[in-house]
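Everything below concerns the one structure shown next.
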Amino acid sequence: MADRTAVIIGARGGIGAALADALDRGSSYANVIRLHRESDLPVDILDEASIATAAASLANTQPPVQLVVVATGLLHSAGKGPEKSLRELDPDWMMQNYRVNAVGPALVAKHFLPIMAKQGPNCFAVLSARVGSISDNSLGGWHSYRASKSALNMLIRNIAIEWQRKNPQSVIVGLHPGTVETALSAPFKGNPAHERFTPARAAENLLGVLQQLKPEQSGQIFAYDGTPIAP
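Residue 154 in the working numbering is what sits at position 120 of the sequence shown, and the numbering runs on without skipping anything.
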């Protein structure tokens with residue numbers, strides 16, 4: 035096995051668990067650490083203290099951490115979901131989208147990037163979404179989700195610029211997994227326009243994309259088939 039460690043944050047969710055399973059089956063990583071709110075080392079994307087504690091606990095992990103994937107996200111919850119019109123805007127729901135989809139991953143980057151290998155290739159990836167692309171938006175709606183993913187995409191770009199000064203071989207990217215058969219996409223199963231993937235297939239797709247990325251592609255957002263998504 036390769037002498038490196040992978041960390042999956044949100045490893046109890048559909049895509050996160052599938053990513054961890056795929057990495058466990060493979061030979062690229064000697065150690066795969068699964069983090070979520072109920073793991074032995076609990077991480078709550080809304081609680082910076084839990085993120086900081088987990089990162090500090092893994093700072094001296096051997097082999098060193100060279101891959102971190104943030105596989106968390108919010109699209110609907112407790113009767114709330116993507117808005118179809120301005121009439122449905124709710125400031126609390128908007129802020130919840132920002133906190134989970136943008137602020138949380140940024141805080142993970144804040145605490146986990148410094149513990150990753152200081153030299154040589156490493157990768158920090160976050161699940162994003164095509165609907166966060168401003169130039170690709172032709173349908174409108176889904177205000178809170180779209181805006182929070184757009185904010186995430188900007189943060190990915192900013193963090194990539196900063197981190198390449200510290201480690202020129204680092205790769206920091208967003209990944210669009212497509213429509214995956216998970217609890218997040220369950221309310222939208224009736225849309226036949228969306229190609230659907232099982233979590234296992236989605237994990238295979240995303241890991242295939244990560245394996246092909248080079249440092250000069252850091253800061254971009256990529257779809258499950260490896261094509262870049264415009265800002």
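For glycine and all other residues, C-beta sits at the position ideal for the given N, C-alpha and C.
Note that the structure is predicted; figures quoted are calculated from it, not measured.
Identified DSSP bridge partners for P262: F256
Integer-rounded CB distance, given that N201 should sit under 8 Å from K152: 6 Å
Bounding residues of the alpha helix (DSSP H) (the contiguous stretch that carries R235): P233 to Q246
Delimiting residues of the alpha helix (DSSP H) encompassing L189: H177 to K200
Residue interval of the beta strand (DSSP E) (run including L209): S204 to H210
Which of helix, strand or coil DSSP assigns to Q266: As displayed, the chain neither begins before 35 nor continues past 265, which places residue 266 out of reach and without an answer.
Opening and closing residue of the beta strand (DSSP E) in which N65 lies: N65 to L69
Nonlocal neighbours in the same chain, by C-beta distance under 6 Å from A52, ignoring five residues either side: P233, A234 and A237
Buried versus exposed, by CB contacts within 10 Å (16 or more), N94: exposed
Close beta carbons around I255, own chain, < 6 Å, minus the five adjacent residues each side: S162, N187, G208 and I263
Candidates A140, A54, D74 and G253, of which the one nearest S91 by Cα: D74
Secondary structure of R62, DSSP reduced to three states: Note that residue 62 is Ser in the sequence shown here, rather than Arg. Correct three-state label for S62: coil.
At least 3 beta-carbon pairs within less than 8 Å: the segment 37 to 44 vs the segment 96 to 103: yes
Distance CB(G175)-CB(A105) smaller than 8 Å: no
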